[in-house]
Amino acid sequence: MSQPHDDDVTREFFLPPDSAPTEEFRRVEAPPSSTSTPSRVTSLAALFGVLAIAVAALALPDRIGLLVAVVAIVQAGLCLIWTWVTKPEMPAGLFITGGGTAIAADLAALLNTDQSLKALALVAAGGFGLAITVQLARGRARHRVTMTLGQHVTVVMAMVGFASLPMLLRFDGGGVLAQVAVLCVGVALACAYLLDLAIPRPAVHADVARGLIGAGGAILAGLICGAILLPMLADDAFNKVSFGNTVAGALLGAVVAFVAVIADIATAYDGAVRTFRPSGFKRVVSVGFGPLLGLAVTGPACYLVGPALLNW
Numbered sequence: 013m014s015q016p017h018d019d020d021v022t023r024e025f026f027l028p029p030d031s032a033p034t035e036e037f038r039r040v041e042a043p044p045s046s047t048s049t050p051s052r053v054t055s056l057a058a059l060f061g062v063l064a065i066a067v068a069a070l071a072l073p074d075r076i077g078l079l080v081a082v083v084a085i086v087q088a089g090l091c092l093i094w095t096w097v098t099k100p101e102m103p104a105g106l107f108i109t110g111g112g113t114a115i116a117a118d119l120a121a122l123l124n125t126d127q128s129l130k131a132l133a134l135v136a137a138g139g140f141g142l143a144i145t146v147q148l149a150r151g152r153a154r155h156r157v158t159m160t161l162g163q164h165v166t167v168v169m170a171m172v173g174f175a176s177l178p179m180l181l182r183f184d185g186g187g188v189l190a191q192v193a194v195l196c197v198g199v200a201l202a203c204a205y206l207l208d209l210a211i212p213r214p215a216v217h218a219d220v221a222r223g224l225i226g227a228g229g230a231i232l233a234g235l236i237c238g239a240i241l242l243p244m245l246a247d248d249a250f251n252k253v254s255f256g257n258t259v260a261g262a263l264l265g266a267v268v269a270f271v272a273v274i275a276d277i278a279t280a281y282d283g284a285v286r287t288f289r290p291s292g293f294k295r296v297v298s299v300g301f302g303p304l305l306g307l308a309v310t311g312p313a314c315y316l317v318g319p320a321l322l323n324w
C-alpha cells in the first residue's frame, strides 16, 4: 500500500493500487493565479491621488514640499510597476492598499510640524489593517493568501519608509543625515551588484542571485562612503558629536548599508518563491525592486542612528 506524502501545492487523495480515479477520489487543483488587470477606476484613483500630493507639495516653499513631491512620484511608480510585473492575486486591492497608505503617509509628512513619528506609525498600522481587510474582501478566492498579504505589507512598509525621508528634515541635522544615507545606500548596492557579477559564490542561497562577498563588500562600501561624506557635508548640528564626524559617518554608512542589503536580499527571496515569475523586459524591471526597497528602508534606518549621533 502506498505511503502518504506531502504536496506543497495541492491536496492529494490516495487510492488503493490499480484502482481508477473516480469523482470521489481525484486530485483537487488550486485555482489558477489571477492575471486580470487592475480596475481602471481604482488604479487611476490611487495614481491621481498620489500625484495630487506631489503637485500640492511642489507648491510649498520649503524643502520638505519638494522632497515629498519626489517621494510621491516614486511611490506611484513603485505601485504601478509592482502590479504590472508581479501580477498579484488582487491587483485592485494592491492599488487600494499601496495608494491609500502612500497618500496618508505623504500627508503626514507634510502636515506634521513637530519632531515626532507618531503620525507615520499610525499610518503604518492603518496600512497593515487595510491590507488584512483587502484579503478578507476577496471572499472564497483567498488561495495563496499568505503570499499575497506579504506583498501588500511589503508595499505598505515601502510607502511609509519613503515618506519618512522628508520627515528627517524636521530634525536638527536630519537633512544632512538623509543626504549622506541615501548616497551611502546607492554606493553600497552598486558595489554589491558589481561584486555579485564578479564573485557570485558563495551565494546567500541556492535560489537567490546574491553573493555573501557582495553583501559584505556593500556594508564596507557604505562605511567608507559615510566616513568620507559626512565630514564634508556636516553642518553645525554635528558639532555636538563627541566621537567625531568621521566615526559618525562610518557608523551611519554601515547601518544604512546593512539594512538596505537585507531588504535587497529579502526581495530576491520573494522573487525566488513567487508563483508567477516575470520574463523578458518585466524580468529586467523586477531587478529594480531590490534597490527601491533598500532605499525605502533608508529613512527608518536613519531614525535608528540619529538619536545616537545627534541626541534627538
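The opening position of the sequence shown corresponds to residue 13 in the working numbering, with each subsequent residue numbered one higher.
Even for Gly, the Cβ is constructed at its ideal location relative to N, Cα and C.
{"Item": "Distance between T109 and V168 (C-alpha atoms, nearest Å)", "Value": "7 Å"}
{"Item": "Start-end ranges of the alpha helix (DSSP H) lying completely within the region 185-244, minimum 4 residues", "Value": "186-210"}
{"Item": "Burial state of T310, where buried means 16 or more other Cβ atoms lie within 10 Å", "Value": "buried"}
{"Item": "Endpoints, the alpha helix (DSSP H) within which L132 is located", "Value": "130-148"}
{"Item": "Assigned secondary structure, M171 (DSSP; H/G/I helix, E/B strand, else coil)", "Value": "helix"}
{"Item": "V268 versus I274: straight-line alpha-carbon distance, rounded", "Value": "10 Å"}
{"Item": "Rounded distance between the beta-carbons of A313 and A193, thought under 8 Å", "Value": "7 Å"}
{"Item": "Length of the line joining the Cα atoms of G318 and W94", "Value": "31 Å"}
{"Item": "Under 7 Å between C-beta atoms of P212 and G223", "Value": "yes"}
{"Item": "When A114, G185, G306, A233 are compared against A320, the one with the closest alpha-carbon", "Value": "G185"}
{"Item": "CA-to-CA distance, G256 to A101, given in whole angstroms", "Value": "Looking at the sequence provided, one finds Glu at residue 101 rather than Ala. If I take the Cα positions, the gap works out to 51 Å."}
{"Item": "For G111, the first and last residue of its enclosing alpha helix (DSSP H)", "Value": "103-123"}
{"Item": "Inter-stretch contact (C-beta, 8 Å, three-pair minimum) for the region 126-138 and the region 169-189", "Value": "yes"}
{"Item": "Proximity winner among A280, K99, Q87, P103, relative to Y4 (alpha-carbon distances)", "Value": "Only positions 13 to 324 of the chain appear in the structure, and residue 4 is not among them; the question remains open."}
{"Item": "Neighbourhood of P233 by C-beta, 6 Å cutoff - its chain only, sequence neighbours within 5 removed", "Value": "As written in the sequence, residue 233 is Ala, which differs from the Pro given in the question. Same-chain partners within the cutoff: V199, A200, C203."}
{"Item": "Beta-carbon separation (whole angstroms), L177 vs V83, contact threshold 8 Å", "Value": "6 Å"}
{"Item": "Outcome for M244 when other beta-carbon atoms lying within 10 angstroms are tallied against a minimum of 16", "Value": "exposed"}
{"Item": "Where S298 falls, given that 16 or more other Cβ within 10 Å makes a residue buried", "Value": "buried"}
{"Item": "With 16 other Cβ atoms within 10 Å as the buried cut-off, status of H217", "Value": "exposed"}
{"Item": "P303 to D126 span [Cα, whole Å]", "Value": "30 Å"}
{"Item": "L195 to T258 span [Cα, whole Å]", "Value": "16 Å"}
{"Item": "C-beta atoms of G229 and D276 nearer than 7 Å", "Value": "no"}
{"Item": "Boundaries of the alpha helix (DSSP H) in which G311 is found, first to last residue", "Value": "310-322"}
{"Item": "V80 vs A121 beta-carbon contact at 7 Å", "Value": "yes"}
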